[in-house]
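Quick note: the sequence shown uses full-length UniProt numbering, first residue 1, plus one each step.
Here is the structure we will look at, set down as structure tokens.
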Amino acid sequence: LDVSMDMWNFFYTCLVSLWLHRFYIYSAVALGISIWIVIQFTTTKPKKKGEKSNSNPASPEGIEDKLVNGYATLQAKEVCVAGVKIFYGSQTGTAKRFAKGLAEAVISLNLPVEVISMGDYDPDDCLAEETTSKNVCVFLVATYTDGQPTESAAWFCKWLEEAVNDFRFGKMYLKGLRYAVFGLGNSVYVDHYNTVGRNIDRWLWMLSASRIMTRAEGDCNVAQSKHGSIEADFEAWKAKFLSRLQALCSGEKKPCSGNCKKGKCKSPGKQSKESSDHEHGASEYKNTEAEELFETSSEEESDAEEAGGTNSVVDVEDLGKIMSHMKKAKSGLGSQEAVCLGWKGGYQGSTGICVPHLKEGEGGKTLPAACYKLIGSHSGVKLCRWTKSMLRGRGGCYKHTFYGIESHRCMEATPSLACANKCVFCWRHHTNPVGTEWRWKMDQPEMILQEAIENHQNMIKQFKGVSGVKADRFEEAMTAKHCALSLVGEPIMYPEINRFVKLLHQHSISSFLVTNAQFPDEIRNLEPVTQLYVSVDASTKESLKRIDRPLFKDFWQRFLDSLKALSEKQQRTVYRLTLVKAWNVDELKAYVDLISLGKPDFIEVKGVTYCGASSASNLTMANVPWHEEVVHFVQELADLIPDYEIACEHEHSNCLLIAHKKFKINGEWCTWINYDRFQELVQEHERSGGSKTFTAADYAARTPRWALFGSRERGFDPLDVRYQRKNKVRDISGC
Numbered sequence: 001l002d003v004s005m006d007m008w009n010f011f012y013t014c015l016v017s018l019w020l021h022r023f024y025i026y027s028a029v030a031l032g033i034s035i036w037i038v039i040q041f042t043t044t045k046p047k048k049k050g051e052k053s054n055s056n057p058a059s060p061e062g063i064e065d066k067l068v069n070g071y072a073t074l075q076a077k078e079v080c081v082a083g084v085k086i087f088y089g090s091q092t093g094t095a096k097r098f099a100k101g102l103a104e105a106v107i108s109l110n111l112p113v114e115v116i117s118m119g120d121y122d123p124d125d126c127l128a129e130e131t132t133s134k135n136v137c138v139f140l141v142a143t144y145t146d147g148q149p150t151e152s153a154a155w156f157c158k159w160l161e162e163a164v165n166d167f168r169f170g171k172m173y174l175k176g177l178r179y180a181v182f183g184l185g186n187s188v189y190v191d192h193y194n195t196v197g198r199n200i201d202r203w204l205w206m207l208s209a210s211r212i213m214t215r216a217e218g219d220c221n222v223a224q225s226k227h228g229s230i231e232a233d234f235e236a237w238k239a240k241f242l243s244r245l246q247a248l249c250s251g252e253k254k255p256c257s258g259n260c261k262k263g264k265c266k267s268p269g270k271q272s273k274e275s276s277d278h279e280h281g282a283s284e285y286k287n288t289e290a291e292e293l294f295e296t297s298s299e300e301e302s303d304a305e306e307a308g309g310t311n312s313v314v315d316v317e318d319l320g321k322i323m324s325h326m327k328k329a330k331s332g333l334g335s336q337e338a339v340c341l342g343w344k345g346g347y348q349g350s351t352g353i354c355v356p357h358l359k360e361g362e363g364g365k366t367l368p369a370a371c372y373k374l375i376g377s378h379s380g381v382k383l384c385r386w387t388k389s390m391l392r393g394r395g396g397c398y399k400h401t402f403y404g405i406e407s408h409r410c411m412e413a414t415p416s417l418a419c420a421n422k423c424v425f426c427w428r429h430h431t432n433p434v435g436t437e438w439r440w441k442m443d444q445p446e447m448i449l450q451e452a453i454e455n456h457q458n459m460i461k462q463f464k465g466v467s468g469v470k471a472d473r474f475e476e477a478m479t480a481k482h483c484a485l486s487l488v489g490e491p492i493m494y495p496e497i498n499r500f501v502k503l504l505h506q507h508s509i510s511s512f513l514v515t516n517a518q519f520p521d522e523i524r525n526l527e528p529v530t531q532l533y534v535s536v537d538a539s540t541k542e543s544l545k546r547i548d549r550p551l552f553k554d555f556w557q558r559f560l561d562s563l564k565a566l567s568e569k570q571q572r573t574v575y576r577l578t579l580v581k582a583w584n585v586d587e588l589k590a591y592v593d594l595i596s597l598g599k600p601d602f603i604e605v606k607g608v609t610y611c612g613a614s615s616a617s618n619l620t621m622a623n624v625p626w627h628e629e630v631v632h633f634v635q636e637l638a639d640l641i642p643d644y645e646i647a648c649e650h651e652h653s654n655c656l657l658i659a660h661k662k663f664k665i666n667g668e669w670c671t672w673i674n675y676d677r678f679q680e681l682v683q684e685h686e687r688s689g690g691s692k693t694f695t696a697a698d699y700a701a702r703t704p705r706w707a708l709f710g711s712r713e714r715g716f717d718p719l720d721v722r723y724q725r726k727n728k729v730r731d732i733s734g735c
């Protein structure tokens, strides 16, 4: 106890002493802090003063060394230009020679450089990588006969044009790519002077790539050349390009032109003459080229909206109201003629109907610009993206997985571009006319099929020599084996649809016909086809009106009658369900009722494909269901229909197949089609005058294991090689 009291007295005495001398302690601490601040200030100030002079990486005072595992690492310096890639498209060797000369000049700037022939480059695989590579891409392209690109540049130009008009790529697909274009041409050919250079420049710009300088044009016509020859034109442009490249390497940006708000971004100090020259060139380019660039990307679209209203759809019933606008649009085109979508006959007994949406060679969301080949007055053909994919051995579409279609041998066509619906998810962006009855001069089915095959073959020929295309599949693709009558519009509206289908079968081409369930009589009268689809986009009257926006007032009764007519068909029948999140995914019981009404052999359930922004639809990416959500919906639906089971899956297309159990033979699914057997059966049917019939079971074939639901491949053919893009991801599932 005495020891405890002594310790307490000691601590008490110390605390009292500290309290009595607290002011001295505060003063000592304040003095110490002041001395530390003075030392820090005096030691850091000289370093700031010498920072500029010691910025040499070799100087130990100009770099910050960090020890990592015993090694000194220098602080990374931002790289503004990693290198230069020079692409050339040459026929006589001039562009190639210019490319080599430019490469030598770039090397003198201590920059990596690569010279690439466009014929050896696959833009589908590699171009998107340039958006993050920090390379500057230079395009030296010649314009050849009739304004066409040279042979080596033909595929590159074709791909770029399709990318601009394909909603799957998106307007920002090449954002981050920096480029410059120099075109080689001859002004003697006034109509086609430097067309290829102009097009490449415009297409890159429309995909959000960034020009580093104005497009330049070299002229082989000495009398008109700005510098006396095409070589001199190139040398003048090269000097400007190298100067601009040096500015980019040093991190400089374009000087302010004074057009910004209050000129706040204007760089301090005197601008170099070179920068002034560049800005003058950019200003001149802006004045001379802006009209061209915006014409192709927005002017026709806005014209179309003015003509057709906010929905951008030309209704056949409303064409008379907008004819005056059509005349104004045609007169505003100058020397360019408005192509009349081939509505050459127009209404029977009337003059032609010009639809400016469908002008050949124009940009925007138009059918020809989206690489449709128009046939006659009312038909069209287009090369499907899955055809291109399978030509390269990168997998086929969901029809290949579900039914054994050879995607590279499939021709996508229609004998009727007009449609009776304005579906909100129409991935053609309503660039085709709509109507409820046939009102046009009719082309003969023989002519339609002949031109469809010829156009299809011509589109396939463009892939000859393209990087990655398999030679054996290219040869096979020249002979179409399947025809998907689902391109656009309503094929069953064509009055001679039965003759057209018979012609397909006579050419040993299988027929896959899609209808929107608004023409029940035509469905009943339809001759046997390989497979007949009906689009079931909703299960109630209200949701169908909201999603399909049909033109018929009695659309719901027509819809139900079409499903009843489908149940009477003996050949393969399919319901096609397109799931739109927040629109039609909560109506399972109603879907079950519709299935019992039409009794289809198969039910395809597919998540909606986002088609990009459109004034005709308010769908967004939020309406696109995840694949897991589609699988969950299909599982719930299959549980409610006892005669059906989930058979196949194609994950890439976000699509599953529910099949009737009658196609599960001896425990194995037989959803594939024996196409040779079908051709034999349909020929016997025709020879008998229709008395000898056949059923879907007569030409069924076993489904391979990789196509089945739950397989490790998830619907991807193991004979092909799955290709994954490194940077840009886009959906190519539309089919």
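Every residue gets a Cβ at the ideal spot worked out from N, C-alpha and C, and that includes glycine.
From a predicted model like this one, the values you see are computed outputs, not experimental measurements.
Nearest residue (CA-CA) to residue i, options the options
i           : options                        : result
Val592      : Glu104, Ala517, Cys410, Tyr644 : Tyr644
Pro704      : Lys541, Pro718, His21          : Pro718
Arg576      : Pro550, Lys399, Ser508, Glu476 : Lys399
Val106      : Asp166, Leu579, Val81, Ser711  : Val81
Asp219      : Arg244, Tyr189, Leu242         : Tyr189
Lys171      : Val631, Trp159, Trp203         : Trp203
Cys410      : Ala420, Gly393, Leu383, Leu242 : Leu383
Ala700      : Lys662, His632, Arg558, Lys134 : Lys662
residue 736 : Leu248, Asn194, Leu31, Asp698  : Here the chain comprises residues numbered 1 to 735, so residue 736 is not present and cannot be evaluated.
Ser250      : Ile33, Leu111, Cys423, Phe10   : Leu111
Val580      : Pro600, Ser543, Lys464, Lys599 : Ser543
Ser467      : Asp124, Asp720, Tyr24          : Asp124
Glu451      : Glu437, Ser377, Ser486, Gly435 : Ser377
Ile523      : Asp548, Ile492, Trp669         : Ile492
Gly101      : Glu412, Leu657, Glu235, Phe512 : Glu235
Phe87       : Asp122, Ser108, Leu640         : Asp122
Leu391      : Glu668, Lys134, Lys470, Trp626 : Lys470
Lys441      : Lys502, His456, Gly395, Ile375 : Ile375
Lys464      : Leu20, Asp120, Ser17           : Asp120
Leu174      : Trp36, Trp205, Ala153, Val181  : Trp205
Tyr372      : Gln91, Asn165, Pro520, Cys670  : Asn165
Asp191      : Glu437, Glu680, Thr414, Tyr144 : Tyr144
Ser108      : Gly89, Val84, Leu207, Phe709   : Val84
Whole-angstrom C-beta distance between residue j and residue i, which should lie under 8 Å
i      : j      : result
Thr387 : Ser407 : 6 Å
Glu496 : Pro445 : 5 Å
Arg178 : Cys137 : 7 Å
Ile200 : Phe139 : 6 Å
Thr401 : Ala95  : Contact flag wrong, Cβ pair sits at about 43 Å.
Ala517 : Val536 : 7 Å
Leu551 : Val434 : 6 Å
Gly690 : Cys648 : About 32 Å separates the two Cβ atoms, so there is no contact after all.
Beta bridge counterpart(s) of residue i as assigned by DSSP
i      : result
Ala216 : Phe182
Cys483 : Met411, Ser511
Ile375 : Ser379
Thr143 : Pro149
Arg576 : Ser535, Glu604
Leu708 : Cys648
Tyr88  : Ser117, Leu140
Buried or exposed by the 16-neighbour rule on C-beta atoms within 10 Å, applied to residue i
i      : result
Glu104 : exposed
Lys553 : exposed
Pro57  : Since pLDDT at Pro57 reaches only 39, below the 50 mark, its modelled position is unreliable, and no value is offered.
Gln531 : buried
Asn7   : The sequence shown places Met at residue 7, not Asn. Exposed: under 16 other Cβ atoms inside 10 Å.
Thr150 : buried
Lys606 : buried
Tyr675 : buried
Gly404 : buried
Glu412 : buried
Residue i beta carbon near the ligand HEM (any heavy atom closer than 8 Å)
i      : result
Leu532 : Judged by which ligands are present, the structure shown has none, so any question about the ligand HEM falls away.
State whether the region 180-192 contacts the region 218-238, with contact taken as three or more CB pairs (one from each stretch) at a distance under 8 Å.
-> yes
Does the pairing of the region 561-576 with the region 443-461 give three or more beta-carbon distances under 8 Å?
-> no
Would you be able to state if there are at least three C-beta pairs under 8 Å between the region 119-130 and the region 474-485?
-> no
Specify whether the region 478-487 and the region 501-512 touch according to this definition: at least 3 beta carbon pairs, one from each stretch, less than 8 Å apart.
-> yes
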